[in-house]
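Residue numbers (the working numbering), protein chains in the order written: chain U, 2 to 318; chain W, 327 to 544.
Just so you know, even glycine gets a beta-carbon here, dropped at the ideal spot from N, CA and C.
Being a predicted model, the structure only gives us computed values, none of them experimental.
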Amino acid sequence: MPILPFASQFLETLLAVLAAPLLIGWVNQCRAWLQNRSAPGLLQPYRVIRKLFRKESVLAQNASPLFRLTPYVVFGSMILAVSIVPLVATGLPLSPVADVIALVGLLAFARVFMALAAMDVGTAFGSLGARREMLVAALAEPALLMVFFMPSLIAQSTSLTTIVETLAHRPFALYPSLAFAAVAFVMVLLAENARIPIDNPATHLELTMIHEAMILEYSGRHLALMEWAHALKLVIYFTIGIALFLPWGIAEAGNWIAIPLAIVALAVKLAVGGAALAVLESVSVKLRIFRAPEFLATAFLLAVLGMLTHVLLGAGT
Amino acid sequence: MIVTAQAINFIAALLLLVAFAMLSQRRIRALVNLFAVQGVLLTASTLLTASGTGQTHLYYSAALTLILKVFVLPLILHRLVRRLQLTGDVEMLINTATTMLVGIVLVIVAFNLALPISEFAGTITRGTLGIALACVLLAFLMMITRRKAVAQVIGFLSMENGLFFAATSITYGMPMVVELGIGLDVLVGTFVFGVFFFRIRETFDSLDIHHLERLRER
Numbered sequence: 002m003p004i005l006p007f008a009s010q011f012l013e014t015l016l017a018v019l020a021a022p023l024l025i026g027w028v029n030q031c032r033a034w035l036q037n038r039s040a041p042g043l044l045q046p047y048r049v050i051r052k053l054f055r056k057e058s059v060l061a062q063n064a065s066p067l068f069r070l071t072p073y074v075v076f077g078s079m080i081l082a083v084s085i086v087p088l089v090a091t092g093l094p095l096s097p098v099a100d101v102i103a104l105v106g107l108l109a110f111a112r113v114f115m116a117l118a119a120m121d122v123g124t125a126f127g128s129l130g131a132r133r134e135m136l137v138a139a140l141a142e143p144a145l146l147m148v149f150f151m152p153s154l155i156a157q158s159t160s161l162t163t164i165v166e167t168l169a170h171r172p173f174a175l176y177p178s179l180a181f182a183a184v185a186f187v188m189v190l191l192a193e194n195a196r197i198p199i200d201n202p203a204t205h206l207e208l209t210m211i212h213e214a215m216i217l218e219y220s221g222r223h224l225a226l227m228e229w230a231h232a233l234k235l236v237i238y239f240t241i242g243i244a245l246f247l248p249w250g251i252a253e254a255g256n257w258i259a260i261p262l263a264i265v266a267l268a269v270k271l272a273v274g275g276a277a278l279a280v281l282e283s284v285s286v287k288l289r290i291f292r293a294p295e296f297l298a299t300a301f302l303l304a305v306l307g308m309l310t311h312v313l314l315g316a317g318t
Numbered sequence: 327m328i329v330t331a332q333a334i335n336f337i338a339a340l341l342l343l344v345a346f347a348m349l350s351q352r353r354i355r356a357l358v359n360l361f362a363v364q365g366v367l368l369t370a371s372t373l374l375t376a377s378g379t380g381q382t383h384l385y386y387s388a389a390l391t392l393i394l395k396v397f398v399l400p401l402i403l404h405r406l407v408r409r410l411q412l413t414g415d416v417e418m419l420i421n422t423a424t425t426m427l428v429g430i431v432l433v434i435v436a437f438n439l440a441l442p443i444s445e446f447a448g449t450i451t452r453g454t455l456g457i458a459l460a461c462v463l464l465a466f467l468m469m470i471t472r473r474k475a476v477a478q479v480i481g482f483l484s485m486e487n488g489l490f491f492a493a494t495s496i497t498y499g500m501p502m503v504v505e506l507g508i509g510l511d512v513l514v515g516t517f518v519f520g521v522f523f524f525r526i527r528e529t530f531d532s533l534d535i536h537h538l539e540r541l542r543e544r
């Protein structure tokens, strides 16, 4: 059995898991710059996670085993998801395991566990957060699937690694459908990662929380894992976006020389993407929760429109 | 040639996007600005078609579009909005999500209608006929779902944009005389509508066309 591909798969996943809090730190830093504050430092998320791991984990008396299990399930499925997405190289051993539809399923799996755990303890805020999260998720998921179908139609495959290889090596062509898909994807990314138009990651007001309200009951190492999984989710969405819409610079299967370059390209793309996210968050206002369906319906509509233009205008002919 | 066709397709897709943005827009001023954006896109696509095919008369219609639909008409509309003191949201008859879904159905209908027609056309932009048709239908839908007269007039003007785009995409534009005539018609129409708005408001104290349904004196 060849050991090298598996080793590189392991290293790639490890890189993503370790670098995930850095992306959150970078986005926070950019946001702080835009708001004329002094930034808390790039490594702040690592310090928070280290602090949480050292602290004692307090459980509610009526918490079921599901409540304890959930942080590990969520963190584990995020690791699996990040291994499926081609980050620096295509054709790694884990990439044929799941296609984009299974990836959406995996993210939904983690979300369902999170919502169940939030409802498990029986506090008002937990179940409120869980319900809101499911409302947003139920609307974001069809939009996300529609977004994925467009590159799949172009590449004639739902496997992410095939899509990336096809898109990275095509002759230059303007795909109107991909532009639609990219806008829709950004909207879904904002909604799914508890970013500003839908949810405010920096809020301390329980009534406006979605994601924060769900993990309100967690503490210690459980909270650390939840926070880390949340950072990983942002990395997953960013890398999916990069893989679908900006795939240039990724290393091909078996091309070891291109890997350092691919890592640099990925870092640059993530840095630019993170800064763009901070700008987007700074210029938009948080929507009322009842306007969230409208926001996500627009994302779905854009994805459907992209599909229609793909059918009508063809693949750039 | 291929690049030009792709760029035109891309602009056509953006036009469709703007049509949907207009459909969902609640603010009247933003609606006027979107109308101006539509004019810019129309100018760009006409210029690209002109340079791609060597049809010189298209340059004139692009210039006409630029002057009329990007500068003159939005300025007139902005002035009207300011003088009528229209601020805040425009009420819609149906909620946005439903309007959007109806819009998608209209786009599908338009695309299906356009497919057999565009097969007979020999132009490089024939694929965009469906989008032009969809823009016309969406503008029509916007006129139906809005209550205020100004929004309806913007819908009317954007419908004309869609028709213009259809003409350029299927036959490389109409004869110059026709185009000039339509351009002047739209201009005069806007003036007449402007006068109408003031009359409607004087009579009913509102621009809600709901009041026009009753014909008798109270």
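CB contact below 8 Å: residue i versus chain W
| i | result |
| --- | --- |
| E218(U) | no |
| E295(U) | yes |
| G317(U) | Note that G317(U) has pLDDT 42, beneath the 50 cutoff, so the model's placement of it is unreliable and the number below is only indicative. At least one chain W Cβ lies under 8 Å of G317(U). |
| V305(U) | yes |
| L281(U) | no |
| T310(U) | yes |
| A344(U) | Outside the displayed range of chain U (2 to 318) lies residue 344(U), so it cannot be described from this structure. |
| A380(U) | With chain U covering 2 to 318 only, the question about residue 380(U) has no answer from this structure. |
| L314(U) | yes |
Span of the alpha helix (DSSP H) around residue i
| i | result |
| --- | --- |
| K395(W) | From DSSP, K395(W) is part of no alpha helix (DSSP H); its letter is neither H nor E. |
| W27(U) | 5 to 35 |
| Y47(U) | 45 to 55 |
| E486(W) | 475 to 497 |
| N359(W) | 354 to 379 |
| M135(U) | 125 to 156 |
| L117(U) | 101 to 121 |
| I319(U) | Chain U is shown only over 2 to 318; residue 319(U) falls outside these bounds and no answer can be derived. |
| R69(U) | 66 to 85 |
| I290(U) | First-last for I290(U): undefined, no H or E at that position. |
| I420(W) | That residue, I420(W), is in no alpha helix (DSSP H); it is neither H nor E in DSSP. |
| L168(U) | 161 to 169 |
| N335(W) | 328 to 350 |
| A40(U) | Run containing A40(U): none; DSSP gives neither H nor E here. |
| T471(W) | 455 to 471 |
C-beta contact flag for residue i and residue j at 8 Å
| i | j | result |
| --- | --- | --- |
| F524(W) | A475(W) | no |
| L439(W) | A345(W) | no |
| A33(U) | E218(U) | no |
| N487(W) | L314(U) | no |
| A460(W) | L342(W) | yes |
| A111(U) | M135(U) | no |
| A298(U) | L191(U) | no |
| T454(W) | A338(W) | yes |
| V83(U) | V284(U) | no |
| L427(W) | G499(W) | no |
| A20(U) | Q30(U) | no |
| T14(U) | E253(U) | no |
| E282(U) | I197(U) | yes |
| L98(U) | A144(U) | Here residue 98(U) is Val; the residue named in the question, Leu, does not match the sequence. Not closer than 8 Å, so no. |
| M120(U) | A109(U) | no |
Below-8 Å beta-carbon distance, residue i vs any chain U residue
| i | result |
| --- | --- |
| S377(W) | no |
| M418(W) | no |
| N335(W) | yes |
| V433(W) | yes |
| A423(W) | yes |
| S371(W) | no |
| M348(W) | no |
| F491(W) | no |
| I430(W) | yes |
| R353(W) | no |
| D534(W) | no |
| L439(W) | no |
Review point. Which ranges would you report for the alpha helix (DSSP H) in the stretch 186 to 241 of chain U if only whole runs of at least 4 residues count?
Key: 212 to 215
Exercise for review: Output the residue ranges of the alpha helix (DSSP H) runs that lie fully inside the stretch 501 to 529 of chain W and measure 4 residues or longer, sorted by chain position.
Suggested key: none
Exercise for review: Return the residues of the stretch 443 to 474 of chain W that lie within a Cβ-Cβ distance of less than 8 Å from chain B, sorted by chain order.
Suggested key: The displayed structure is made up of protein chains U and W, and chain B is not among them.
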